[in-house]
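Everything below concerns the one structure shown next.
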Amino acid sequence: MTYQFRSLVIPFLGASLVFSCTPKEAPTGPSNVLFIVVDDLRPELGCYGHPLVQSPNMDQLAGEGVLFKNAFCNIPVCGASRASFLTGLRPMQNRFLTYLTYAQDDAPGAISLPQYFKDNGYTTVSNGKVFHNEDDHAAAWDINWRPNDLLDYQTEANSGTDLANRGRPYERGNVPDSVYNDAKIAAKSIIDLKALAAAGKPFFMAVGFLKPHLPFNAPEKYWQLYDGKVSLPDNNYVPTGAPARSVHNSGELRNYAEVPKEGPVSDSLALTLIQGYYASVSYVDAQIGRVLDELKALGLDEKTHIVLIGDHGYNLLEHTMWCKHCNYRNSLRSTMIWKSPKVKAGSISNAIVEYVDIFPTLADLSGLPKPTQLQGESLANELAAPSTSPAGFAISRWTNGYTITTPDYAYTEWVNDSLQWQDEMLYDHRSDLEENENIAAGQSAIADSLSHMLRQHWGLQ
2 MTYQFRSLVI
12 PFLGASLVFS
22 CTPKEAPTGP
32 SNVLFIVVDD
42 LRPELGCYGH
52 PLVQSPNMDQ
62 LAGEGVLFKN
72 AFCNIPVCGA
82 SRASFLTGLR
92 PMQNRFLTYL
102 TYAQDDAPGA
112 ISLPQYFKDN
122 GYTTVSNGKV
132 FHNEDDHAAA
142 WDINWRPNDL
152 LDYQTEANSG
162 TDLANRGRPY
172 ERGNVPDSVY
182 NDAKIAAKSI
192 IDLKALAAAG
202 KPFFMAVGFL
212 KPHLPFNAPE
222 KYWQLYDGKV
232 SLPDNNYVPT
242 GAPARSVHNS
252 GELRNYAEVP
262 KEGPVSDSLA
272 LTLIQGYYAS
282 VSYVDAQIGR
292 VLDELKALGL
302 DEKTHIVLIG
312 DHGYNLLEHT
322 MWCKHCNYRN
332 SLRSTMIWKS
342 PKVKAGSISN
352 AIVEYVDIFP
362 TLADLSGLPK
372 PTQLQGESLA
382 NELAAPSTSP
392 AGFAISRWTN
402 GYTITTPDYA
412 YTEWVNDSLQ
422 WQDEMLYDHR
432 SDLEENENIA
442 AGQSAIADSL
452 SHMLRQHWGL
462 Q
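Quick note on the working numbering: the sequence shown kicks off at 2 and runs consecutively.
Take a look at the structure:
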């Protein structure tokens, strides 16, 4: 098989920049797949160089596999993102739009990733939140299970809360790991792994962990890891020259008690929320470790392709925002770690990759023919020989804003329903990786070139 990254050609000022990689042979090997999806996981882990976050189990996985530094979701909201990467299809104007997205409704003719493996003789298992809606493509799973109460409060202070009467956006309880849903998801997955090992049949297991999604609920010991250590971001402001439509009111957070409906949250609450997010990351890391340890104990780790992702990125008060739902890098960039036999342990890929690449990659690694519907590129060769410098590009969207991320720039264009230009922003990632100054007005040639490329590849025409 030959493989080449999405070539990136930016014609401007009489020059062309071309980024690609040399095709190499793809790895081949085992039949099992363990697909771990973590809700709202920023790429802020020890293995990504974060000086504070403690994530020893995900760090170990990265040390045994390939860490992707530039992985981008195609739409930054749970339901739509999952529908996209579980079908290998890009979001469009009328497809994969909100957190309530059903893949089976928006793309009724598409085969889902679990159905694809089921049709190829695999036992398929879904534990936790994989598709956003449990009944989306339900027939694709031989086993389909998730906990009942996703809010998952466990302390007396938050008793009686539900979706209509939410508690605080965090919980710091002196409780064992086992009381929260992610521990239950890990326990269920361990039971299923033992049964799958005994059966001896190839399997595709997806494990969807809930934290660090709001509310940031975690046992006391994980909060203690960050006592007195967190700080507010330096860029808690709207970027210079950015369109007003590029930021939002953090409506997801404002659904919770003690959060004002308008205006900024207090510094005290903001620090608690950031600490709660990190505590939730460390808590879910411990549960991920339990599943990975069981896979090894059963002798399945060298027979299984493992991929771990966040479903999108997350804002922790950068640019005045909490949560996701925007076109900025913090919302679009997320965690991606692969482990597969014949892949060099401890590798880092700087390639720019997209979540629609996951489906074709798993097909190639498993030695199976790819469905014709797939719109991403297989990363099998990238796993075999990771890129040392950025290459390629990624396209993401949120509502009517479309973003293309290249090795040097992030360009976003807002359009109306007729795809006519309305607004734009351009950030130079060589000098402004945090995206604090929109330079589109002063760099019209670059903006125009990236707009042209975006419209060539966004899949809407």
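We put the beta carbon where it would ideally sit given N, CA and C, even for glycine.
- At least 9 Å separates the beta-carbon of L427 from that of Y403.
- Inter-segment contact for the segment 51-62 and the segment 272-287 is present: three or more beta-carbon pairs are separated by less than 8 Å.
- Looking at the backbone, the Cα of E253 and that of Y100 are separated by about 11 Å.
- DSSP places Q155 outside both helix and strand once states are collapsed to three, so it counts as coil.
- Secondary structure within the segment 290-361: the alpha helix (DSSP H) runs of 4 or more consecutive residues, fully enclosed, are 330-333 (chain order).
- By the C-beta density criterion, Q421 is exposed, having fewer than 16 other C-beta atoms within 10 angstroms.
- Around the CB of L233, fewer than 16 other CB atoms lie within 10 Å, so the residue is classed as exposed.
- Annotation: D409 to T162 spans about 46 Å, alpha carbon to alpha carbon.
- Going by C-alpha positions, Q55 is about 6 Å away from G47.
- In the three-state reduction of the DSSP assignment, R147 falls in the coil class, being assigned neither a helical nor a strand state.
- With a minimum length of 4 residues, the unbroken runs of alpha helix (DSSP H) contained wholly in the segment 186-245 fall at 221-225.
- Between the segment 131-144 and the segment 77-86, the count of Cβ pairs shorter than 8 Å is three or higher; the stretches touch.
- Judged by DSSP in its simplified three-state form, L62 adopts helix.
- Y410 is bridged by DSSP to D429.
- Taken in chain order, the complete alpha helix (DSSP H) segments of 4 residues or longer contained in the segment 53-131 are 57-65, 79-86, 104-107 and 114-120.
- Taking the C-beta atoms as reference points, W142 is found nearer than 9 Å to P115.
- Counting along the chain, N439 sits inside no beta strand (DSSP E), nor does DSSP assign it H or E at all.
- Nearest to D137 by C-alpha distance, out of N166, G66, A158 and A84, is A84.
- By DSSP's assignment, D418 forms no beta bridge with any residue.
- For L380, there is no enclosing alpha helix (DSSP H), as DSSP marks it with neither H nor E.
- DSSP, reduced to helix, strand and coil, places T389 outside both helices and strands of the structure shown, so it counts as coil.
- For E378, the number of other beta carbons within 10 angstroms of its own is at least 16, and it is reported as buried.
- Restricting attention to T373, D365 and V344, the CA atom closest to the CA of G66 is found in V344.
- Take G209, set aside five residues on each side of it, and the residues of its chain with a beta-carbon closer than 6 Å to its own are V38, G129, K130 and V131, in chain order.
- Here DSSP, grouped into helix, strand and coil, assigns G47 to helix.
- Under DSSP, R398 takes part in a beta bridge, and its partners are Y403.
- DSSP lists A219 as the beta-bridge partner residues of R173.
- Rounded to whole angstroms, the Cβ separation of Y171 and G277 is 4 Å, and the two are in contact under 8 Å.
- P265 is the residue among R255, Q225, P265 and E221 whose C-alpha sits nearest the C-alpha of Y238.
- In the structure shown, N33 adopts extended strand secondary structure according to DSSP, grouped into three states.
- L369 and V357 have their C-alpha atoms some 17 Å from each other.
- Distance between T273 and P372, taken at the CA atoms: about 46 Å.
- For S419, the closest C-alpha among the options S432, T407, E435 and N401 is that of N401.
- Under DSSP, D424 forms a beta bridge with W415.
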